[in-house]
Amino acid sequence: MIPTLNEERNLPHVFAKLPPMISEVIIVDGGSKDRTVEVARELRPDAVIVQQTRIGKGNALACGFAACTGDIIVMIDADGSTDPAEIPLFVDKLIKGDHFVKGSRFSHGGHSHDITKLRKLGNDGLNLVVNVLFRTHFTDLCYGYNAFWRSVVPALDLPDVSLPRPSDGSKLWGDGFEIETMINIRAVAEKLKVGEVGSTEHERIFGESNLNTFRDGFRVLRTIFSEYGRMRRRRGAGLRPFVEGLQHVAPPAATPQSRGLGQVVNPPAPAAPAHPVATRHPADPRRDASHLNRAARREDVGARRSDDINKIRSRALDDLGTQPTQDLSAARARMLDDLGNVQTQDINKLRSTTQLDD
Numbered sequence: 001m002i003p004t005l006n007e008e009r010n011l012p013h014v015f016a017k018l019p020p021m022i023s024e025v026i027i028v029d030g031g032s033k034d035r036t037v038e039v040a041r042e043l044r045p046d047a048v049i050v051q052q053t054r055i056g057k058g059n060a061l062a063c064g065f066a067a068c069t070g071d072i073i074v075m076i077d078a079d080g081s082t083d084p085a086e087i088p089l090f091v092d093k094l095i096k097g098d099h100f101v102k103g104s105r106f107s108h109g110g111h112s113h114d115i116t117k118l119r120k121l122g123n124d125g126l127n128l129v130v131n132v133l134f135r136t137h138f139t140d141l142c143y144g145y146n147a148f149w150r151s152v153v154p155a156l157d158l159p160d161v162s163l164p165r166p167s168d169g170s171k172l173w174g175d176g177f178e179i180e181t182m183i184n185i186r187a188v189a190e191k192l193k194v195g196e197v198g199s200t201e202h203e204r205i206f207g208e209s210n211l212n213t214f215r216d217g218f219r220v221l222r223t224i225f226s227e228y229g230r231m232r233r234r235r236g237a238g239l240r241p242f243v244e245g246l247q248h249v250a251p252p253a254a255t256p257q258s259r260g261l262g263q264v265v266n267p268p269a270p271a272a273p274a275h276p277v278a279t280r281h282p283a284d285p286r287r288d289a290s291h292l293n294r295a296a297r298r299e300d301v302g303a304r305r306s307d308d309i310n311k312i313r314s315r316a317l318d319d320l321g322t323q324p325t326q327d328l329s330a331a332r333a334r335m336l337d338d339l340g341n342v343q344t345q346d347i348n349k350l351r352s353t354t355q356l357d358d
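Per the UniProt record's numbering, the very first residue in the sequence shown carries number 1; after that it's consecutive.
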């Protein structure tokens, strides 16, 4: 899927690198004034051309996702900065078990020919904020080269493409460049299995980038905190992660080189947890109802203790009635000793029976 806006000179270079495994190309155009759409049709007559419904990259991606029919969606840029020849690397990780795979210019095998020192510093800071808040391990949050199973698109919960553009000309939240950060964070928040692939970023071939370092950097930071609040609200409302309702079947035996991205490839089953949760053995009925047995014994011990205390009190009163006043202290001491012995014996009995259950 390729969002475009006045990219007629770049498309020939991008299309030339598309792997033959791809059987569906979605072009989402944002109202290009040049021959972008015509060039796309000339280069790839089978390409699906979609006109986005509002403005902004976020809306373009949402429109493209809605038009895709293949089981795997890959996002690349039309300016030549992302290398289509790397697509098999992403697909391979998906087939091996990931739900969502993002490219990284700073992981093993990655590189950038375009990023400046200032942008790299900002990217590192944003990575740190996300990794602390969401307990993730992103190495390149702001890189938009991603691939994922189409079945997880609902987890991303993107703005409805049918909504009208605001009358004041502004963008809906999620329609701008913040979309890439939003997608990455929501994949993590919904407990999808997210992997990274080293990717090389190239310089734009023709034209100028629409990216503004400071404006878009603050927009990404705002997105991070907005998504953190959204995640906490959803968890507070008891909403369960999307992945728990995701249906999976066994992964196919075919390799990514032998499958087209537009063909049916079923998503894999999630891997078993690394540390299985210990459970009680169901064969022992004492363990299944241990909390009930323990409560009954406590009630029984409490009843016996009350009977013993009443007997001791009665005997102490008899002693007081028959002994001189000077023996009062001795009677009281004996009563306290008797009470202590009863409590100690009962506690020992309760402790021994509780240990038996455990």
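Yeah, the Cβ is synthetic: ideal placement off N, Cα and C, and Gly gets one too.
Could you check whether Arg186 and Ile72 sit closer than 8 Å to each other, using their CB atoms as the reference points?
For the purposes of this step, residue 72 is taken as the residue at position 72 of the sequence shown. For the purposes of this step, residue 186 is taken as the residue at position 186 of the sequence shown. For Ile72 and Arg186, no; Cβs fall outside 8 Å.
Between His99, Ile183, Thr223, which lies nearest to Gly195 when the distance is taken from Cα to Cα?
Position 195 of the sequence shown, counting from 1, holds the residue named residue 195. Among His99, Ile183, Thr223, the Cα nearest to that of Gly195 is on His99.
Using only the alpha-carbon positions, how far apart do Pro84 and Lys17 sit?
On the sequence shown, residue 84 is found 84 positions in, with the first residue counted as 1. On the sequence shown, residue 17 is found 17 positions in, with the first residue counted as 1. Straight-line Cα distance between these residues: approximately 6 Å.
Name the two residues that bound the continuous alpha helix (DSSP H) containing Gly176.
The residue labelled residue 176 in the question sits at position 176 within the sequence shown. Gly176 -> no alpha helix (DSSP H), and no H or E assigned at all.
Would you give the residue range spanned by the alpha helix (DSSP H) that residue 395 belongs to?
Outside the modelled stretch of the chain, which goes from 1 to 358, sits residue 395, for which no answer is possible.
With a Cβ-Cβ cutoff of 8 Å, do residue 359 and Met75 count as a contact?
In the structure displayed, the chain extends from 1 to 358; residue 359 sits before or after that span and is not available.
Using the C-alpha atoms, what's the distance from Gly109 back to Gly103?
On the sequence shown, position 103 is the one that residue 103 refers to. On the sequence shown, position 109 is the one that residue 109 refers to. If you take the alpha carbons of Gly103 and Gly109, they lie about 10 Å apart.
So Phe218 and Asn184 are supposed to be a Cβ contact under 8 Å. How far apart are they, rounded?
As a working mapping, residue 218 is identified with position 218 in the sequence shown. As a working mapping, residue 184 is identified with position 184 in the sequence shown. Incorrect: roughly 18 Å between the Cβ atoms, too far for contact.
Distance, Cα to Cα, Gln51 vs Leu5?
The sequence position of residue 51 within the sequence shown is 51, counting from 1. The sequence position of residue 5 within the sequence shown is 5, counting from 1. If I take the Cα positions, the gap works out to 11 Å.
How is Ser162 classed by DSSP in three states: helix, strand or coil?
Translated into positions along the sequence shown, residue 162 becomes position 162. Coil at Ser162, not helix or strand.
For the alpha helix (DSSP H) containing Ser226, name the first residue and the last one.
Within the sequence shown, residue 226 is the residue found at index 226, counting from 1. That run of the alpha helix (DSSP H) goes 213-236.
Three CB pairs or more closer than 8 Å across the segment 42-51 and the segment 105-119:
no
Are there 16 or more other CB atoms within 10 angstroms of the CB of Leu211, so buried, or fewer, so exposed?
Position 211 of the sequence shown, counted from the start, is the residue given in the question as residue 211. Counting Cβ neighbours within 10 Å, Leu211 comes out exposed, since fewer than 16 surround it.
Taking 8 Å as the cut-off, decide whether the C-beta atoms of Glu178 and Thr136 are in contact.
As a working mapping, residue 178 is identified with position 178 in the sequence shown. As a working mapping, residue 136 is identified with position 136 in the sequence shown. No, they are not a contact pair.
Quick check: the Cα distance between Ala78 and Glu24, rounded to an integer number of angstroms?
Counting from 1 along the sequence shown, the entry for residue 78 is found at position 78. Counting from 1 along the sequence shown, the entry for residue 24 is found at position 24. In a straight line, the C-alpha of Ala78 is about 16 Å away from that of Glu24.
Rounded to whole angstroms, what's the CA-CA distance from Glu180 to Ala40? Just pull it up for me.
Counted from its first residue, the sequence shown places residue 180 at position 180. Counted from its first residue, the sequence shown places residue 40 at position 40. Rounded to the nearest angstrom, the two C-alpha atoms are 24 Å apart.
Own chain partners of Phe15 with C-beta closer than 7 Å, once the 5 adjacent residues on each side are dropped:
If you number the sequence shown from 1, residue 15 lands on position 15. Excluding residues within five positions, the ones whose Cβ falls inside 7 Å are Leu43, Arg44.
What are the complete alpha helix (DSSP H) segments, minimum 4 residues, inside the UniProt domain "Glycosyltransferase 2-like" (2-152)?
11-16, 36-43, 57-67, 87-95, 117-134
Give the straight-line distance between the Cα atoms of Asn146 and Leu89, rounded to the nearest whole angstrom.
Your numbering for residue 146 matches position 146 in the sequence shown. Your numbering for residue 89 matches position 89 in the sequence shown. In a straight line, the C-alpha of Asn146 is about 11 Å away from that of Leu89.
Which first and last residues belong to the beta strand (DSSP E) in which Val197 is found?
Mapped onto the sequence shown, residue 197 falls at position 197. 194-198 is the extent of the beta strand (DSSP E) around Val197.
If we ignore side chains and look at the alpha-carbon of each, how far apart do Ser226 and Trp173 end up?
Locating residue 226 in the sequence shown gives position 226, where the first residue counts as 1. Locating residue 173 in the sequence shown gives position 173, where the first residue counts as 1. Taking the straight line joining both Cα atoms gives about 10 Å.
Close-in-space but distant-in-sequence residues of the same chain around Thr34 (CB under 6 Å, 5 per side omitted):
Here the question's residue 34 lines up with position 34 in the sequence shown. Here the sequence assigns Asp to residue 34, which means Thr is not the residue at that position. These residues qualify, in order along the chain: Asn6, Glu8.
Alpha-carbon to alpha-carbon, Pro154 and Ala283
Indexing the sequence shown from 1 puts residue 283 at position 283. Indexing the sequence shown from 1 puts residue 154 at position 154. At Ala283, the pLDDT of 41 sits below 50, so the modelled position is not reliable and the matter cannot be decided from this model.
For the putative contact between Asp175 and Gly31, defined by C-beta atoms under 8 Å, what is the C-beta separation to the nearest angstrom?
Stepping through the sequence shown from its first residue, residue 175 is reached at position 175. Stepping through the sequence shown from its first residue, residue 31 is reached at position 31. The Cβ separation is near 14 Å, so there is no contact.
For Asn127, which residues in the same chain have their Cβ closer than 6 Å to its Cβ, ignoring the five residues on either side in sequence?
The sequence position of residue 127 within the sequence shown is 127, counting from 1. The answer, listed in chain order, is Phe138, Leu141.
Select from Lys171, Val152, Leu221 the residue whose C-alpha is nearest the C-alpha of Leu94.
Taking the sequence shown and counting its residues from 1, the one referred to as residue 94 is at position 94. Checking every option, the nearest Cα to that of Leu94 belongs to Val152.
Outcome for Ala189 when other beta-carbon atoms lying within 10 angstroms are tallied against a minimum of 16:
On the sequence shown, residue 189 is found 189 positions in, with the first residue counted as 1. Burial call: buried.
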